[in-house]
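For the sequence shown, counting from 1, position 383 maps to 383 in the UniProt record's numbering; every step adds exactly one.
No residue lacks a Cβ here, since even glycine has one placed at the ideal position from N, Cα and C.
As the structure is a prediction and not an experimental result, all values here were calculated from the model.
Structure first, commentary second.
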Amino acid sequence: MQPATSRRTLKAAPRYKGHEIPAQNGGAGFYKANDHRLLGDKREVVRKQLPEFVHANYVQAESTKALGKDVMVHRGLFDTHAGIPENSLAAIDHAYAEGYRTLEMDVQVSAEGVPVLLHDFAIGRTTDDPDNRLAAQVKYAELQDKRLVIRNPMDGNFVSTDQRMAGIEPMLENVLRTKPGMSVVLDCKEHTPENVALMLIRRPQLRPITALKLYSAAYKGGFDEFFSNLCQKLQINPLHSRDQPRRDKLRRDLSQINVVPILSEEVLKDTELRALFPAAEDTTGLADTGTQWMQSWNNMHPIVAEVTVANPGSDAGKAMQLTHERLRQPGSGYEKAAFSSAYRYEDFSIPRSGGQPDYYTWGMFGEINPVPSSGFEPQRGTAGAFREHGESVLTDRPDEEVLALRENRTLPRGHTGLELDVPPDTQIDKNRDAEITGLRKKQFAAAKQPPDKAHIQAVRDGARLDQGASLQLPPAARQAIDKQAEALGLLTDRYRGAPVSHYLNEQAKQTAPEE
1 MQPATSRRTL KAAPRYKGHE IPAQNGGAGF YKANDHRLLG DKREVVRKQL PEFVHANYVQ
61 AESTKALGKD VMVHRGLFDT HAGIPENSLA AIDHAYAEGY RTLEMDVQVS AEGVPVLLHD
121 FAIGRTTDDP DNRLAAQVKY AELQDKRLVI RNPMDGNFVS TDQRMAGIEP MLENVLRTKP
181 GMSVVLDCKE HTPENVALML IRRPQLRPIT ALKLYSAAYK GGFDEFFSNL CQKLQINPLH
241 SRDQPRRDKL RRDLSQINVV PILSEEVLKD TELRALFPAA EDTTGLADTG TQWMQSWNNM
301 HPIVAEVTVA NPGSDAGKAM QLTHERLRQP GSGYEKAAFS SAYRYEDFSI PRSGGQPDYY
361 TWGMFGEINP VPSSGFEPQR GTAGAFREHG ESVLTDRPDE EVLALRENRT LPRGHTGLEL
421 DVPPDTQIDK NRDAEITGLR KKQFAAAKQP PDKAHIQAVR DGARLDQGAS LQLPPAARQA
481 IDKQAEALGL LTDRYRGAPV SHYLNEQAKQ TAPEE
(Lines of atoms letter the chains of each structure in order from A and count residues from 1; the text may use other names and numbers.)
(Lines give C-alpha, C1' and ligand atoms only; values in the text may rest on other atoms or scores of the structure.)
Protein backbone atom coordinates (compact mmCIF):
# COMPACT_ATOMS: atom_id res chain seq x y z
CA MET A 1 0.00 0.00 0.00
CA GLN A 2 1.13 3.49 -0.77
CA PRO A 3 1.25 5.90 2.17
CA ALA A 4 -1.59 8.37 2.25
CA THR A 5 -0.68 11.77 0.85
CA SER A 6 -1.86 14.93 2.56
CA ARG A 7 -4.35 16.90 0.52
CA ARG A 8 -3.61 20.65 0.37
CA THR A 9 -6.62 22.84 1.01
CA LEU A 10 -6.80 26.13 -0.81
CA LYS A 11 -7.47 29.10 1.43
CA ALA A 12 -10.43 31.15 0.28
CA ALA A 13 -9.68 34.72 -0.70
CA PRO A 14 -10.76 37.19 1.98
CA ARG A 15 -14.07 38.93 1.35
CA TYR A 16 -15.78 42.00 2.70
CA LYS A 17 -18.66 40.65 4.80
CA GLY A 18 -22.33 41.37 4.20
CA HIS A 19 -25.20 40.96 1.76
CA GLU A 20 -28.10 43.07 0.56
CA ILE A 21 -31.17 43.41 2.78
CA PRO A 22 -34.48 45.17 2.10
CA ALA A 23 -34.81 48.87 2.75
CA GLN A 24 -37.28 50.08 5.39
CA ASN A 25 -39.35 53.09 4.36
CA GLY A 26 -36.83 53.78 1.62
CA GLY A 27 -33.81 53.89 3.91
CA ALA A 28 -31.67 52.06 6.44
CA GLY A 29 -33.80 50.74 9.29
CA PHE A 30 -30.82 49.68 11.39
CA TYR A 31 -30.36 53.28 12.58
CA LYS A 32 -32.69 54.64 15.27
CA ALA A 33 -35.46 56.70 13.76
CA ASN A 34 -35.76 58.94 16.82
CA ASP A 35 -32.07 59.69 17.40
CA HIS A 36 -31.89 62.90 15.32
CA ARG A 37 -33.14 65.28 18.01
CA LEU A 38 -30.51 67.92 18.76
CA LEU A 39 -32.59 70.51 16.93
CA GLY A 40 -35.75 69.84 18.91
CA ASP A 41 -38.44 72.24 17.75
CA LYS A 42 -35.96 74.77 16.32
CA ARG A 43 -35.71 73.49 12.74
CA GLU A 44 -37.75 76.35 11.28
CA VAL A 45 -35.76 78.90 13.28
CA VAL A 46 -32.56 77.44 11.85
CA ARG A 47 -33.98 77.68 8.33
CA LYS A 48 -34.67 81.39 8.79
CA GLN A 49 -31.13 81.91 10.09
CA LEU A 50 -29.40 80.28 7.11
CA PRO A 51 -28.71 83.50 5.14
CA GLU A 52 -26.34 84.63 7.92
CA PHE A 53 -24.25 81.46 7.67
CA VAL A 54 -24.67 80.37 4.03
CA HIS A 55 -23.22 82.29 1.08
CA ALA A 56 -23.84 81.77 -2.61
CA ASN A 57 -20.80 81.56 -4.91
CA TYR A 58 -18.53 81.19 -1.88
CA VAL A 59 -15.32 80.19 -3.66
CA GLN A 60 -15.72 83.13 -6.07
CA ALA A 61 -15.71 85.72 -3.28
CA GLU A 62 -12.94 88.31 -3.36
CA SER A 63 -12.46 87.59 0.35
CA THR A 64 -13.98 84.52 2.00
CA LYS A 65 -12.75 85.92 5.32
CA ALA A 66 -14.85 89.07 4.87
CA LEU A 67 -18.02 86.99 4.49
CA GLY A 68 -17.78 85.77 8.08
CA LYS A 69 -19.09 82.36 9.07
CA ASP A 70 -19.96 80.00 6.23
CA VAL A 71 -21.26 76.49 6.92
CA MET A 72 -19.82 73.94 4.49
CA VAL A 73 -21.60 70.57 4.24
CA HIS A 74 -19.35 67.50 4.47
CA ARG A 75 -19.99 64.69 1.90
CA GLY A 76 -23.27 66.32 0.88
CA LEU A 77 -26.39 66.28 3.03
CA PHE A 78 -26.68 62.50 3.32
CA ASP A 79 -29.50 60.86 5.28
CA THR A 80 -29.39 57.17 6.17
CA HIS A 81 -33.09 57.02 7.09
CA ALA A 82 -34.15 58.52 3.77
CA GLY A 83 -31.78 56.30 1.77
CA ILE A 84 -29.53 59.20 0.68
CA PRO A 85 -25.92 57.96 0.70
CA GLU A 86 -22.86 60.12 1.30
CA ASN A 87 -20.99 61.53 -1.70
CA SER A 88 -23.92 61.05 -4.04
CA LEU A 89 -25.79 63.27 -6.46
CA ALA A 90 -28.85 62.85 -4.22
CA ALA A 91 -26.86 64.21 -1.25
CA ILE A 92 -25.93 67.26 -3.34
CA ASP A 93 -29.57 67.74 -4.38
CA HIS A 94 -30.69 67.43 -0.75
CA ALA A 95 -28.17 70.01 0.46
CA TYR A 96 -29.26 72.48 -2.21
CA ALA A 97 -32.95 71.92 -1.48
CA GLU A 98 -32.33 72.57 2.23
CA GLY A 99 -30.66 75.90 1.45
CA TYR A 100 -26.95 75.08 1.68
CA ARG A 101 -24.59 76.41 -0.97
CA THR A 102 -21.05 75.25 -0.09
CA LEU A 103 -20.21 71.55 -0.13
CA GLU A 104 -17.10 69.51 0.50
CA MET A 105 -17.13 66.29 -1.53
CA ASP A 106 -14.53 63.52 -1.64
CA VAL A 107 -12.38 62.41 -4.58
CA GLN A 108 -10.63 59.19 -5.54
CA VAL A 109 -9.41 58.16 -8.98
CA SER A 110 -10.08 55.11 -11.16
CA ALA A 111 -7.46 52.82 -12.66
CA GLU A 112 -7.17 55.23 -15.62
CA GLY A 113 -6.90 58.26 -13.35
CA VAL A 114 -10.47 59.52 -13.80
CA PRO A 115 -11.64 61.43 -10.67
CA VAL A 116 -14.78 60.00 -9.03
CA LEU A 117 -16.96 60.92 -6.06
CA LEU A 118 -15.75 58.60 -3.29
CA HIS A 119 -14.36 59.00 0.23
CA ASP A 120 -12.48 55.76 0.91
CA PHE A 121 -9.44 54.37 -0.86
CA ALA A 122 -11.35 51.06 -1.09
CA ILE A 123 -14.85 50.69 -2.53
CA GLY A 124 -16.33 47.90 -0.37
CA ARG A 125 -17.99 49.99 2.33
CA THR A 126 -20.04 52.23 0.04
CA THR A 127 -20.73 49.76 -2.80
CA ASP A 128 -21.62 46.08 -3.06
CA ASP A 129 -18.04 45.07 -3.96
CA PRO A 130 -17.20 41.99 -1.82
CA ASP A 131 -13.55 42.15 -2.90
CA ASN A 132 -13.27 45.63 -1.38
CA ARG A 133 -10.91 46.62 -4.18
CA LEU A 134 -8.98 49.85 -4.16
CA ALA A 135 -10.65 52.45 -6.38
CA ALA A 136 -7.36 52.77 -8.24
CA GLN A 137 -7.64 49.08 -9.22
CA VAL A 138 -11.03 49.51 -10.92
CA LYS A 139 -11.77 51.05 -14.31
CA TYR A 140 -14.00 54.09 -14.55
CA ALA A 141 -16.71 52.31 -16.54
CA GLU A 142 -17.15 49.78 -13.73
CA LEU A 143 -17.00 52.37 -10.95
CA GLN A 144 -19.73 54.54 -12.46
CA ASP A 145 -21.92 51.45 -12.74
CA LYS A 146 -21.53 50.69 -9.03
CA ARG A 147 -24.68 51.20 -6.98
CA LEU A 148 -24.10 53.04 -3.70
CA VAL A 149 -25.16 51.30 -0.50
CA ILE A 150 -25.73 52.12 3.18
CA ARG A 151 -24.02 49.48 5.29
CA ASN A 152 -24.89 48.14 8.75
CA PRO A 153 -21.69 48.19 10.82
CA MET A 154 -22.92 45.37 13.06
CA ASP A 155 -22.92 42.63 10.41
CA GLY A 156 -21.89 44.26 7.13
CA ASN A 157 -25.31 43.83 5.53
CA PHE A 158 -26.44 46.74 3.41
CA VAL A 159 -29.37 48.56 1.87
CA SER A 160 -28.94 49.32 -1.81
CA THR A 161 -29.90 52.81 -3.01
CA ASP A 162 -30.87 54.19 -6.41
CA GLN A 163 -27.62 56.20 -6.56
CA ARG A 164 -24.51 55.27 -8.52
CA MET A 165 -20.94 56.45 -8.18
CA ALA A 166 -20.52 59.72 -10.07
CA GLY A 167 -17.56 61.11 -11.96
CA ILE A 168 -16.27 64.46 -10.70
CA GLU A 169 -16.52 66.14 -14.09
CA PRO A 170 -20.19 65.24 -14.75
CA MET A 171 -21.01 66.07 -11.12
CA LEU A 172 -19.54 69.57 -11.50
CA GLU A 173 -21.32 70.00 -14.82
CA ASN A 174 -24.59 69.13 -13.09
CA VAL A 175 -23.95 71.63 -10.31
CA LEU A 176 -23.03 74.37 -12.79
CA ARG A 177 -26.13 73.68 -14.88
CA THR A 178 -28.78 73.11 -12.21
CA LYS A 179 -27.60 74.70 -8.93
CA PRO A 180 -26.80 78.39 -9.30
CA GLY A 181 -24.76 79.75 -6.42
CA MET A 182 -23.36 76.40 -5.29
CA SER A 183 -19.62 75.89 -4.71
CA VAL A 184 -17.89 72.51 -4.40
CA VAL A 185 -14.66 72.03 -2.46
CA LEU A 186 -13.10 68.74 -3.56
CA ASP A 187 -11.33 66.84 -0.77
CA CYS A 188 -8.50 65.29 -2.76
CA LYS A 189 -6.55 62.67 -0.81
CA GLU A 190 -2.98 61.72 -1.74
CA HIS A 191 -2.12 62.89 -5.29
CA THR A 192 -5.64 63.01 -6.72
CA PRO A 193 -5.52 66.85 -6.97
CA GLU A 194 -3.29 66.42 -10.02
CA ASN A 195 -5.98 64.49 -11.89
CA VAL A 196 -8.62 67.07 -10.98
CA ALA A 197 -6.32 69.96 -11.95
CA LEU A 198 -5.78 68.44 -15.40
CA MET A 199 -9.54 68.20 -15.82
CA LEU A 200 -9.96 71.85 -14.76
CA ILE A 201 -7.26 72.94 -17.21
CA ARG A 202 -9.30 71.30 -19.93
CA ARG A 203 -12.66 72.56 -18.57
CA PRO A 204 -12.01 76.18 -17.45
CA GLN A 205 -15.74 76.88 -17.13
CA LEU A 206 -15.81 74.57 -14.09
CA ARG A 207 -13.05 76.42 -12.22
CA PRO A 208 -15.18 79.24 -10.72
CA ILE A 209 -17.37 76.82 -8.73
CA THR A 210 -14.55 74.51 -7.63
CA ALA A 211 -11.70 74.42 -5.11
CA LEU A 212 -9.18 71.66 -4.36
CA LYS A 213 -8.08 70.53 -0.91
CA LEU A 214 -4.40 69.59 -0.73
CA TYR A 215 -2.72 67.90 2.23
CA SER A 216 0.73 68.41 3.74
CA ALA A 217 0.92 64.65 4.30
CA ALA A 218 0.63 64.07 0.53
CA TYR A 219 2.67 67.05 -0.69
CA LYS A 220 5.59 67.45 1.69
CA GLY A 221 7.28 69.54 -0.98
CA GLY A 222 4.24 71.83 -1.18
CA PHE A 223 3.31 73.37 -4.53
CA ASP A 224 6.72 72.50 -5.98
CA GLU A 225 6.02 68.78 -5.51
CA PHE A 226 2.56 69.21 -7.04
CA PHE A 227 4.09 71.05 -10.03
CA SER A 228 6.86 68.44 -10.27
CA ASN A 229 4.35 65.60 -10.47
CA LEU A 230 2.35 67.42 -13.15
CA CYS A 231 5.50 68.06 -15.17
CA GLN A 232 6.25 64.35 -15.10
CA LYS A 233 2.67 63.45 -16.08
CA LEU A 234 2.79 65.95 -18.96
CA GLN A 235 6.39 65.22 -20.04
CA ILE A 236 7.44 68.79 -19.31
CA ASN A 237 11.10 69.24 -18.41
CA PRO A 238 11.27 71.33 -15.21
CA LEU A 239 14.56 73.02 -16.09
CA HIS A 240 15.32 72.98 -19.83
CA SER A 241 15.02 76.33 -21.63
CA ARG A 242 13.09 74.80 -24.53
CA ASP A 243 10.25 73.84 -22.18
CA GLN A 244 9.88 77.24 -20.51
CA PRO A 245 6.76 78.16 -22.58
CA ARG A 246 5.05 74.98 -21.40
CA ARG A 247 6.02 75.60 -17.80
CA ASP A 248 4.75 79.18 -18.05
CA LYS A 249 1.43 78.00 -19.51
CA LEU A 250 1.00 75.39 -16.81
CA ARG A 251 1.74 77.94 -14.08
CA ARG A 252 -0.78 80.39 -15.56
CA ASP A 253 -3.47 77.72 -15.64
CA LEU A 254 -2.74 76.57 -12.09
CA SER A 255 -2.82 80.15 -10.79
CA GLN A 256 -6.52 80.24 -11.73
CA ILE A 257 -7.45 77.14 -9.70
CA ASN A 258 -8.84 77.67 -6.19
CA VAL A 259 -7.17 75.68 -3.42
CA VAL A 260 -7.62 74.91 0.28
CA PRO A 261 -4.19 73.92 1.67
CA ILE A 262 -4.29 71.76 4.82
CA LEU A 263 -1.28 71.91 7.13
CA SER A 264 -1.33 69.06 9.64
CA GLU A 265 0.13 69.46 13.11
CA GLU A 266 1.05 65.77 13.00
CA VAL A 267 3.06 66.21 9.78
CA LEU A 268 4.79 69.46 10.76
CA LYS A 269 7.71 67.61 12.39
CA ASP A 270 8.04 65.09 9.54
CA THR A 271 11.68 64.76 8.46
CA GLU A 272 10.87 64.87 4.73
CA LEU A 273 8.74 68.00 5.11
CA ARG A 274 11.45 69.64 7.21
CA ALA A 275 14.13 68.71 4.67
CA LEU A 276 12.13 70.27 1.84
CA PHE A 277 11.34 73.41 3.89
CA PRO A 278 14.37 73.63 6.22
CA ALA A 279 14.42 75.88 9.28
CA ALA A 280 15.65 75.91 12.89
CA GLU A 281 14.69 73.10 15.26
CA ASP A 282 12.82 75.26 17.77
CA THR A 283 9.16 76.30 17.77
CA THR A 284 9.87 79.35 15.61
CA GLY A 285 11.69 77.12 13.12
CA LEU A 286 8.73 74.76 12.96
CA ALA A 287 6.50 77.75 12.28
CA ASP A 288 8.92 78.86 9.54
CA THR A 289 8.51 75.44 7.91
CA GLY A 290 4.73 75.60 8.22
CA THR A 291 4.55 79.14 6.86
CA GLN A 292 6.78 78.29 3.89
CA TRP A 293 4.66 75.25 3.08
CA MET A 294 1.41 77.22 3.20
CA GLN A 295 2.81 80.11 1.17
CA SER A 296 4.08 77.77 -1.54
CA TRP A 297 0.41 77.43 -2.57
CA ASN A 298 0.27 81.14 -3.38
CA ASN A 299 1.26 79.92 -6.86
CA MET A 300 -2.38 78.84 -7.10
CA HIS A 301 -5.36 80.68 -5.56
CA PRO A 302 -5.86 79.94 -1.84
CA ILE A 303 -9.42 80.76 -0.75
CA VAL A 304 -9.55 78.92 2.60
CA ALA A 305 -6.73 77.76 4.87
CA GLU A 306 -6.82 74.89 7.34
CA VAL A 307 -4.21 75.15 10.10
CA THR A 308 -5.84 73.25 12.96
CA VAL A 309 -4.21 73.19 16.39
CA ALA A 310 -4.91 69.82 18.03
CA ASN A 311 -2.42 69.96 20.91
CA PRO A 312 -1.84 73.61 21.87
CA GLY A 313 0.71 72.78 24.58
CA SER A 314 3.07 70.86 22.28
CA ASP A 315 5.92 72.38 20.25
CA ALA A 316 4.08 71.53 17.03
CA GLY A 317 0.84 73.00 18.41
CA LYS A 318 2.57 76.25 19.37
CA ALA A 319 4.19 76.38 15.92
CA MET A 320 0.80 75.90 14.29
CA GLN A 321 -0.60 78.80 16.33
CA LEU A 322 2.31 81.00 15.23
CA THR A 323 1.86 79.93 11.61
CA HIS A 324 -1.83 80.84 11.86
CA GLU A 325 -0.97 84.30 13.23
CA ARG A 326 1.56 84.93 10.45
CA LEU A 327 -0.87 83.95 7.73
CA ARG A 328 -3.39 86.47 9.06
CA GLN A 329 -0.93 89.29 8.32
CA PRO A 330 -1.10 91.50 5.21
CA GLY A 331 1.11 90.26 2.39
CA SER A 332 0.96 86.60 3.44
CA GLY A 333 -1.25 85.61 0.53
CA TYR A 334 -3.92 84.47 3.02
CA GLU A 335 -5.05 87.82 4.40
CA LYS A 336 -8.35 87.53 2.49
CA ALA A 337 -8.80 83.79 3.06
CA ALA A 338 -11.15 82.29 5.61
CA PHE A 339 -9.63 79.84 8.05
CA SER A 340 -11.34 76.50 8.45
CA SER A 341 -12.72 74.79 11.53
CA ALA A 342 -13.30 71.20 10.46
CA TYR A 343 -15.60 68.83 12.32
CA ARG A 344 -15.56 65.04 11.93
CA TYR A 345 -18.63 63.38 13.38
CA GLU A 346 -19.02 59.73 14.17
CA ASP A 347 -20.19 57.48 11.34
CA PHE A 348 -22.24 55.47 13.84
CA SER A 349 -22.67 54.94 17.57
CA ILE A 350 -23.78 52.11 19.85
CA PRO A 351 -25.87 52.91 22.96
CA ARG A 352 -24.42 52.15 26.37
CA SER A 353 -26.49 51.76 29.53
CA GLY A 354 -25.93 54.54 32.02
CA GLY A 355 -23.71 56.75 29.88
CA GLN A 356 -22.59 58.14 26.54
CA PRO A 357 -22.74 55.87 23.49
CA ASP A 358 -19.58 54.40 22.01
CA TYR A 359 -18.64 56.31 18.87
CA TYR A 360 -17.01 54.89 15.74
CA THR A 361 -15.82 56.00 12.33
CA TRP A 362 -15.21 54.04 9.15
CA GLY A 363 -11.58 53.98 8.03
CA MET A 364 -10.29 54.60 4.53
CA PHE A 365 -10.24 50.87 3.72
CA GLY A 366 -13.63 49.97 5.21
CA GLU A 367 -12.31 49.14 8.68
CA ILE A 368 -14.06 50.12 11.92
CA ASN A 369 -12.24 52.57 14.22
CA PRO A 370 -13.35 53.59 17.73
CA VAL A 371 -13.34 57.34 18.36
CA PRO A 372 -11.12 58.17 21.37
CA SER A 373 -13.14 59.13 24.42
CA SER A 374 -10.99 62.13 25.35
CA GLY A 375 -8.78 64.77 23.78
CA PHE A 376 -9.23 66.44 20.41
CA GLU A 377 -11.36 63.84 18.59
CA PRO A 378 -14.55 64.09 20.73
CA GLN A 379 -14.55 67.86 20.14
CA ARG A 380 -14.56 67.25 16.39
CA GLY A 381 -17.91 65.49 16.75
CA THR A 382 -19.61 68.08 18.97
CA ALA A 383 -21.58 70.90 17.34
CA GLY A 384 -20.34 74.33 18.39
CA ALA A 385 -17.06 73.15 19.94
CA PHE A 386 -15.01 74.88 17.21
CA ARG A 387 -17.27 77.88 16.63
CA GLU A 388 -14.46 80.33 17.52
CA HIS A 389 -11.78 78.59 15.46
CA GLY A 390 -12.41 79.89 11.95
CA GLU A 391 -14.81 81.43 9.49
CA SER A 392 -15.34 78.39 7.23
CA VAL A 393 -17.14 75.70 9.22
CA LEU A 394 -16.99 72.19 7.75
CA THR A 395 -19.52 69.81 9.28
CA ASP A 396 -21.50 66.63 8.72
CA ARG A 397 -24.40 68.18 10.66
CA PRO A 398 -25.01 71.65 9.21
CA ASP A 399 -28.38 72.32 10.87
CA GLU A 400 -26.95 71.61 14.31
CA GLU A 401 -23.93 73.81 13.62
CA VAL A 402 -26.13 76.70 12.48
CA LEU A 403 -28.06 76.34 15.75
CA ALA A 404 -24.81 76.31 17.76
CA LEU A 405 -23.56 79.40 15.94
CA ARG A 406 -26.89 81.20 16.31
CA GLU A 407 -27.07 80.53 20.05
CA ASN A 408 -23.29 80.78 20.57
CA ARG A 409 -23.05 77.56 22.55
CA THR A 410 -21.77 74.01 22.37
CA LEU A 411 -24.55 71.45 21.87
CA PRO A 412 -24.63 68.08 23.67
CA ARG A 413 -22.76 65.33 21.90
CA GLY A 414 -24.68 62.61 20.08
CA HIS A 415 -28.29 62.45 18.84
CA THR A 416 -27.17 63.00 15.24
CA GLY A 417 -29.30 60.28 13.67
CA LEU A 418 -26.44 57.79 13.56
CA GLU A 419 -27.10 55.65 16.65
CA LEU A 420 -27.62 52.02 15.69
CA ASP A 421 -30.95 50.45 16.62
CA VAL A 422 -29.50 47.74 18.87
CA PRO A 423 -29.88 46.96 22.60
CA PRO A 424 -27.58 48.93 24.92
CA ASP A 425 -24.12 47.41 25.43
CA THR A 426 -24.29 45.35 22.23
CA GLN A 427 -20.80 44.25 21.25
CA ILE A 428 -19.42 44.88 17.77
CA ASP A 429 -16.74 42.83 16.05
CA LYS A 430 -14.34 45.59 14.96
CA ASN A 431 -12.04 43.05 13.35
CA ARG A 432 -14.69 41.34 11.23
CA ASP A 433 -13.09 42.49 7.97
CA ALA A 434 -9.53 42.83 9.23
CA GLU A 435 -8.08 40.38 6.69
CA ILE A 436 -9.40 42.06 3.55
CA THR A 437 -8.91 45.63 4.84
CA GLY A 438 -5.39 44.76 5.97
CA LEU A 439 -4.58 43.37 2.53
CA ARG A 440 -5.80 46.54 0.83
CA LYS A 441 -3.79 48.69 3.24
CA LYS A 442 -0.63 46.81 2.29
CA GLN A 443 -1.36 47.18 -1.42
CA PHE A 444 -2.02 50.87 -0.99
CA ALA A 445 1.18 51.40 1.01
CA ALA A 446 3.24 49.48 -1.56
CA ALA A 447 2.05 51.78 -4.36
CA LYS A 448 2.99 55.02 -2.56
CA GLN A 449 6.00 56.94 -3.82
CA PRO A 450 8.19 59.24 -1.70
CA PRO A 451 8.80 62.81 -2.89
CA ASP A 452 11.24 62.98 -5.80
CA LYS A 453 13.57 65.47 -4.12
CA ALA A 454 15.88 65.88 -7.12
CA HIS A 455 12.96 66.66 -9.42
CA ILE A 456 11.43 69.05 -6.87
CA GLN A 457 14.74 70.90 -6.64
CA ALA A 458 14.85 71.08 -10.44
CA VAL A 459 11.35 72.63 -10.36
CA ARG A 460 12.57 75.26 -7.89
CA ASP A 461 15.69 75.98 -9.94
CA GLY A 462 13.61 76.16 -13.11
CA ALA A 463 11.18 78.61 -11.51
CA ARG A 464 14.03 80.94 -10.55
CA LEU A 465 15.42 80.79 -14.09
CA ASP A 466 12.00 81.35 -15.65
CA GLN A 467 11.41 84.38 -13.40
CA GLY A 468 14.46 86.19 -14.78
CA ALA A 469 17.57 84.59 -13.35
CA SER A 470 18.23 83.00 -16.75
CA LEU A 471 18.72 86.47 -18.29
CA GLN A 472 21.67 87.08 -15.96
CA LEU A 473 23.53 84.00 -17.18
CA PRO A 474 26.03 83.91 -20.04
CA PRO A 475 24.83 81.68 -22.92
CA ALA A 476 27.39 79.00 -22.11
CA ALA A 477 26.13 78.72 -18.52
CA ARG A 478 22.51 78.36 -19.66
CA GLN A 479 23.56 75.72 -22.18
CA ALA A 480 25.32 73.82 -19.42
CA ILE A 481 22.12 73.84 -17.35
CA ASP A 482 20.18 72.58 -20.37
CA LYS A 483 22.68 69.76 -20.78
CA GLN A 484 22.20 68.83 -17.13
CA ALA A 485 18.41 69.09 -17.56
CA GLU A 486 18.36 66.51 -20.34
CA ALA A 487 18.80 63.81 -17.70
CA LEU A 488 15.34 64.77 -16.39
CA GLY A 489 13.68 63.92 -19.72
CA LEU A 490 12.44 65.93 -22.68
CA LEU A 491 9.17 66.11 -24.53
CA THR A 492 8.46 63.51 -27.16
CA ASP A 493 9.06 64.52 -30.78
CA ARG A 494 5.31 64.43 -31.38
CA TYR A 495 4.77 67.58 -29.33
CA ARG A 496 7.92 69.52 -30.21
CA GLY A 497 6.85 72.91 -31.53
CA ALA A 498 3.14 72.35 -30.84
CA PRO A 499 1.21 75.20 -29.23
CA VAL A 500 1.46 74.99 -25.46
CA SER A 501 -2.29 75.10 -24.86
CA HIS A 502 -2.81 72.34 -27.41
CA TYR A 503 -0.19 70.22 -25.70
CA LEU A 504 -1.72 70.58 -22.25
CA ASN A 505 -5.27 70.07 -23.48
CA GLU A 506 -4.25 66.99 -25.42
CA GLN A 507 -2.65 65.48 -22.33
CA ALA A 508 -5.54 66.47 -20.07
CA LYS A 509 -7.91 64.44 -22.24
CA GLN A 510 -6.36 61.32 -20.75
CA THR A 511 -8.32 61.97 -17.55
CA ALA A 512 -11.65 62.50 -19.31
CA PRO A 513 -14.36 59.83 -18.98
CA GLU A 514 -14.97 57.86 -22.12
CA GLU A 515 -18.43 58.27 -23.53
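Residue i, enclosing alpha helix (DSSP H) - first and last residue
i	result
Glu272	271–276
Gln137	Run containing Gln137: none; DSSP gives neither H nor E here.
Ser296	283–296
Ile168	168–178
Val196	192–202
Ile257	Where Ile257 is concerned, there is no enclosing alpha helix (DSSP H), given that its DSSP letter is neither H nor E.
Thr210	Where Thr210 is concerned, there is no enclosing alpha helix (DSSP H), although the beta strand (DSSP E) it sits in stretches over 210–215.
Ser314	No alpha helix (DSSP H) contains Ser314, which DSSP labels as neither H nor E.
Glu306	Looking at the DSSP string, Glu306 is not in any alpha helix (DSSP H); the run it does join, the beta strand (DSSP E), is 304–307.
Length of the line joining the Cα atoms of residue i and residue j
i	j	result
Phe277	Gln449	19 Å
Val327	Gly333	In the sequence as presented, Val is not what sits at residue 327; that position holds Leu. Distance between the alpha carbons of Leu327 and Gly333 is about 7 Å.
Leu418	Glu86	13 Å
Ala305	Trp293	12 Å
Asp282	Glu435	42 Å
Pro312	Lys483	49 Å
Leu273	Arg432	36 Å
Ala287	Ala218	19 Å
Glu335	His301	12 Å
Glu514	Pro357	Confidence is the limiting factor: at Glu514 the pLDDT is only 45, short of 50, which leaves the residue's position unreliable and the question unanswerable from this model.
Asp270	Gly124	31 Å
Pro14	Arg133	11 Å
Asp93	Val159	20 Å
Val185	Asn174	15 Å
Pro474	Glu62	43 Å
residue 517	Gly29	Nothing about residue 517 can be reported from this structure: the residues present for the chain run from 1 to 515 only.
Asn299	Met171	27 Å
Arg37	Ala338	30 Å
Gln24	Arg413	27 Å
Ala463	Lys453	15 Å
Arg164	Asn34	28 Å
Ala485	Ala122	39 Å
Ala446	Leu212	26 Å
His19	Asp128	8 Å
Ser392	His455	35 Å
Thr416	Lys189	26 Å
Asp429	Ile257	44 Å
Span of the beta strand (DSSP E), counted from its first residue to its last, around residue i
i	result
Met146	A quick correction: the sequence has Lys, not Met, at residue 146. Segment: none, Lys146 is in no beta strand (DSSP E) and carries neither H nor E.
Tyr360	355–362
Gln108	102–109
Thr161	158–164
Asp70	70–74
Pro370	368–370
Pro423	Counting along the chain, Pro423 falls outside any beta strand (DSSP E), and DSSP gives it neither H nor E.
Ile350	348–352
residue 568	Nothing in the structure corresponds to residue 568, since the chain is present only between 1 and 515.
Rounded Cβ spacing between residue i and residue j (contact assumed at less than 8 Å)
i	j	result
Asp120	Phe365	7 Å
Ala91	Val109	Incorrect: roughly 20 Å between the Cβ atoms, too far for contact.
Ala166	Leu117	5 Å
Val309	Glu367	The Cβ separation is near 28 Å, so there is no contact.
Leu411	Ala404	5 Å
Arg352	Pro424	6 Å
Ala458	Leu488	6 Å
Tyr16	Gly156	7 Å
Phe53	Lys69	5 Å
Asp248	Asp466	7 Å
Sequence-distant residues of its chain with Cβ nearer than 8 Å to residue i (five each side left out)
i	result
Glu377	Arg344, Val371
Tyr96	Lys179, Met182
Gln379	Ala385, Phe386
Ala12	none
Val46	Leu39, Asp399, Val402, Leu403, Arg406
Gly317	Glu265, Val309, Ala310, Asn311
Val260	Val185, Ala211, Leu212, Lys213, Leu214, Pro302, Ile303, Val304, Ala305, Glu306, Ser340
Close beta carbons around residue i, own chain, < 6 Å, minus the five adjacent residues each side
i	result
Tyr359	Glu346, Ser349, Val371
Ala279	Gly285, Asp288, Thr289
Glu112	Tyr140
Asp253	Ile201
Pro208	Gln60
Residue i CB to nearest heavy atom of the ligand ADP below 7 Å
i	result
Ala97	With respect to the ligand ADP, the structure offers nothing, as it holds no ligand at all.
Cut-off 7 Å between Cβ atoms - residues of its own chain near residue i, not counting five sequence neighbours on either side
i	result
His191	Ala218, Asn229
Below 8 Å, how does it come out for the stretch 72–80 and the stretch 102–111: are there three or more Cβ pairs, yes or no? Yes, the stretch 72–80 is in contact with the stretch 102–111.
Hey, is the stretch 52–65 in contact with the stretch 145–163, meaning 3+ C-beta pairs nearer than 8 Å? Using a Cβ-Cβ distance cut-off of 8 Å, the stretch 52–65 and the stretch 145–163 are not in contact, since fewer than three pairs of beta carbons, one from each stretch, lie closer than that value.
At least 3 beta-carbon pairs within less than 8 Å: the stretch 151–164 vs the stretch 224–232: Using a Cβ-Cβ distance cut-off of 8 Å, the stretch 151–164 and the stretch 224–232 are not in contact, since fewer than three pairs of beta carbons, one from each stretch, lie closer than that value.
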